[in-house]
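Here's the structure we're looking at; comments come further down.
Protein chains: 2
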Amino acid sequence: MNYQVELEKMGSQARAAAVSLRRKSARQKNDALAAIAEELLARRDEIRAANVIDLESGAQNDLSQAMLDRLELTPERFDAVVAGINVVKELPDPVGTIERKFEMSQGLSGEKVRVPIGVIGIIYESRPNVTVDAAVLCLKAGNAVILRGGSESIHSNKALAAAMGEGLRKSGFPSTAVQLLPWTDREAVNLLLKLSSYIDVIIPRGGEGLIRLVAENSTIPVIKHYKGVCHIYIDIAADEDMALDIVENAKCQRPGVCNAVETVLIHQGLASSLVPKLASRLLSRNVELRGDSAFCRLVPEAKLAVEDDWYEEYLDMILSVKIVPDIDTAIDHIEYYGSHHSDAIVSNDNDASDKFVRDVDSAVVYVNASTRFTDGAQFGMGAEIGISTDRIHARGPMGLSELTTYKYRVIGNGQIRN
Amino acid sequence: MNYQVELEKMGSQARAAAVSLRRKSARQKNDALAAIAEELLARRDEIRAANVIDLESGAQNDLSQAMLDRLELTPERFDAVVAGINVVKELPDPVGTIERKFEMSQGLSGEKVRVPIGVIGIIYESRPNVTVDAAVLCLKAGNAVILRGGSESIHSNKALAAAMGEGLRKSGFPSTAVQLLPWTDREAVNLLLKLSSYIDVIIPRGGEGLIRLVAENSTIPVIKHYKGVCHIYIDIAADEDMALDIVENAKCQRPGVCNAVETVLIHQGLASSLVPKLASRLLSRNVELRGDSAFCRLVPEAKLAVEDDWYEEYLDMILSVKIVPDIDTAIDHIEYYGSHHSDAIVSNDNDASDKFVRDVDSAVVYVNASTRFTDGAQFGMGAEIGISTDRIHARGPMGLSELTTYKYRVIGNGQIRN
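Residue numbers (this note's numbering), protein chains in the order written: chain A, 1385 to 1802; chain B, 1385 to 1802.
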């Protein structure tokens, strides 16, 4: 198999599909999404059978139970995937939105208007639902997409991609607007990451290892979704009950996600009062506590944190806690150890919260709220392709609008430059 | 010299400077810019002496007259550099601008606000004025900057960077907010392009070779400024005099820049009337004409264009011309051969111009105006760092706002996620 030739072919088909897509109306795109949903439903059994092949070979290859669970397209998950398409269909189309009108010299008038990016590459791991979720968001924003999923879910992904291609074809779209890489080895990915004439941006979704691999090998711009080492700073002017509720929610409600809190910083002025209550609340929820020495003196059940704990995204019922002398130390800690994802202050002192919000440089900075609110749906985006920890193009939750770029339209009546 | 150690040190100093810079007010930044201008003026003779060293060694190394000209910091150019600082100083600070306010669930209120990107790497070629122009724009937007100029201008650049560092220091800023790479060999650049923990974005400024080198070797996001193969399509419903004026302006007013026109496409319906007038106008300006066979039949002075002509950015008094049967062929030509920089239609038919503006996917699309208007000053940006031909983050002219990113502020009163 000559990957290079095949990949160039996929790339050039994607580019041609992108030209066709960007000329489609919102209504045409919505019709195509409806056709995709219909085709998926029509092929429900076929897709399930492909998924069973993946599950069986996963079991033979001794995949962990957690991996097998992620791999399975249960009937409920399949229904959720189809329902998700209808959610995206109902969202407003960002393409054509005029962001800004402006007057130029000599009476020229300018407009900055949203247009599709073009061709988006999505590189992801085992969950087959990403195949559809990601493709549908890209399509709705007028982009062609090249998908590369994990080897474990290759049969499921092929079945899903084939259904989407057929839905596109039936609604008069090029079926190559969604293409799945049929090879899952490293060599094919590395070559894909060099197709900068055909792919405009790569969005990797998965663990840190995958994202790092992609970022280091790509000559195409990458929008990274690294880890979330999220902090809550409990200020001396905090409402203690509010602080307890927020920390418990941010740690326990769904510990395995990137917007869960990993480190709590507590102003020393309320440590003696707050720390025992916090410890008792979290220990009752079976949270393992790792504290600095000041915290451990107050909480005998806590382990002493080591340096690595402050960098760690536990994604688990583990929390690190540090007592800090003041808000500046808290802000410095977040700058040094954090991942600039989501960080919160609990305080009723406006000066303190203003300072925190100004000086903490994270995608989302909260005052008196749980870090768990960082997601596309909560931000009114309806659906998200992910949460960017990058600073270029998109930061924080990425919805449809973040899957577009802009162009300028300038209207004149014969103006020339002096 | 251990480049890696030295570069990591520069990177970490830049990161620390960026943290300091993003906490500075607009007024503090303006004061620093004023101090930089003052320091440059105070060191005028010293800088001139450094420039003379570069010019002498350039002459010894047989640099072309054009290169030596670019290299020279004449008194007029030096004054223009200093005047440019004052222009940037007067521009509004994009940092802190609230782009959007929104209500979230449970009464949370959100704001999307402009913040500095962080650390910007600028890689450029011989003109020493870029050292100051680029650094000052980055600083005004609250960013630290690492500069890497060409070897030919290294003494000039060092003198300019030293003056800027001193100006920063005198106004209470870290002098490391502007750092110049003292090495100009390939190895140092390649290592710089891997410093993704310290540098947030790389902006290369120069020829296609430099940009390609940077894009292919960087693990840091790159905002590319590739070539401008700009088109003017003269529709059947064009005002012929307007078309002649626009083409002459776009080709001749400044042929060596990226927004000059390189290819004109003419609807066949007005070819017999328009082509002789166009040819006579351009030949009288000493423009070399390269046409397709239909054009050459009408213009004996024209050369027959070859396939490569349609891809070519001449940057010279040369124009390629093609007769097309309809607007669709013109749009397809621009899609296939163009560089998506700036393209124009001349037409009094609103349907045709609407179609052109919708379907041509370029950073700037014009109706009845010269492509020469694509620049930051014309777009009300006051100054520009360049013109992006990329689709990610910034497209077209890049001013101060494009040197920022955003973060979200979310204010609550104890909200937790259900």
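Glycine included, C-beta positions come from ideal geometry on N, C-alpha and C.
Remember, predicted model here, so these are calculated numbers, not experimental data.
Taking CB atoms only, tyrosine 1617/A has no neighbour in chain B less than 8 Å away. Glycine 1526/A is outside the set of residues whose beta carbon lies under 8 Å from a beta carbon in chain B.
Residues of the same chain with a CB within less than 8 Å of the CB of glutamate 1422/B, apart from the 5 flanking positions on each side, are Gly1551 in chain order. In the structure shown, glycine 1549/B falls within a helical segment according to DSSP collapsed to helix, strand and coil.
When Cβ pairs closer than 8 Å are counted between the two stretches, the segment 1714-1734 of chain B is seen to touch the segment 1616-1633 of chain B, the count reaching three or more. For valine 1472/B against lysine 1524/B, the beta-carbon gap comes to about 5 Å, under 8 Å, which counts as contact. Taking all protein chains in view, the Cβ of phenylalanine 1462/B is crowded by 16 or more other Cβ atoms within 10 Å, so the residue is classified as buried. For leucine 1492/B, the chain A residues whose Cβ falls inside 9 Å of its Cβ are Tyr1750, Ala1753, Phe1757, Gln1762, in order along the chain. Secondary structure note for asparagine 1601/B: its alpha helix (DSSP H) is the uninterrupted segment 1592-1601. By a beta-carbon distance limit of 8 Å, glutamate 1495/A contacts arginine 1793/A. Their separation comes to about 5 Å.
Judged by their CB atoms, glutamate 1646/B and tyrosine 1582/B are not nearer to each other than the 8 Å cut-off. A residue is called buried when at least 16 other Cβ atoms come within 10 angstroms of its Cβ; threonine 1788/B meets this threshold and is buried. Contact of methionine 1626/B with chain A by beta-carbon distance below 7 Å involves Gly1798. In this structure, methionine 1626/B lies near glycine 1798/A, with their beta-carbon atoms less than 8 Å apart.
The three-state reading of DSSP puts glutamine 1762/B in coil, since its state is none of H, G, I, E or B. Contact annotation: serine 1772/A and lysine 1611/A have beta-carbon atoms that are not nearer than 8 Å. Runs of the alpha helix (DSSP H) lying entirely within the segment 1728-1754 of chain B and spanning at least 4 residues, in chain order: 1734-1743.
In the DSSP annotation of this structure, the continuous segment of the alpha helix (DSSP H) that includes histidine 1717/A starts and ends at 1711-1721. Annotation for serine 1677/A: the continuous alpha helix (DSSP H) segment containing it runs 1677-1682.
Across the segment 1535-1565 of chain B, no CB contact with chain A closer than 7 Å is found for any residue. Distance between alanine 1736/A and methionine 1765/B, taken at the CA atoms: about 35 Å.
For glutamine 1397/B, the secondary structure class from DSSP, reduced to helix, strand or coil, is helix. Non-local beta-carbon contacts of aspartate 1477/A in its own chain, meaning distances under 6 Å to residues more than five positions away in sequence, involve Ala1410 in chain order.
Any Cβ of chain B closer than 8 Å to the Cβ of glutamate 1719/A would place that residue at the interface, and such an atom is present. Within chain B, the residues Arg1775 have their CB atoms less than 7 Å from the CB of glycine 1502/A, given in chain order. Looking only at Arg1665/B, Ala1467/B, Val1749/B, the smallest Cα-Cα distance to methionine 1701/B is reached by Arg1665/B. Following the DSSP letters along the chain, one finds leucine 1575/B inside the alpha helix (DSSP H) bounded by residues 1570-1576.
Secondary structure at isoleucine 1469/A: helix, using DSSP grouped into helix, strand and coil.
Closest in C-alpha terms to threonine 1603/B, from the list Ser1580/B, Cys1614/B, Gly1593/B, comes Ser1580/B. By the 16-neighbour rule on beta-carbons within 10 angstroms, isoleucine 1431/B is buried. Taking a Cβ-Cβ cut-off of 8 Å, glutamate 1390/B has no neighbours in chain A, whose nearest Cβ is about 22 Å from it.
For cysteine 1614/B, the enclosing beta strand (DSSP E) starts and ends at 1614-1618. Pairing asparagine 1752/A with glycine 1480/A, the inter-Cα distance amounts to about 37 Å.
DSSP, reduced to helix, strand and coil, places arginine 1498/B within a strand of the structure shown. C-alpha of serine 1441/B to C-alpha of leucine 1452/B: approximately 10 Å in a straight line.
Listed along chain A, no residue sits closer than 7 Å to valine 1598/B by beta-carbon distance, the nearest being about 10 Å off.
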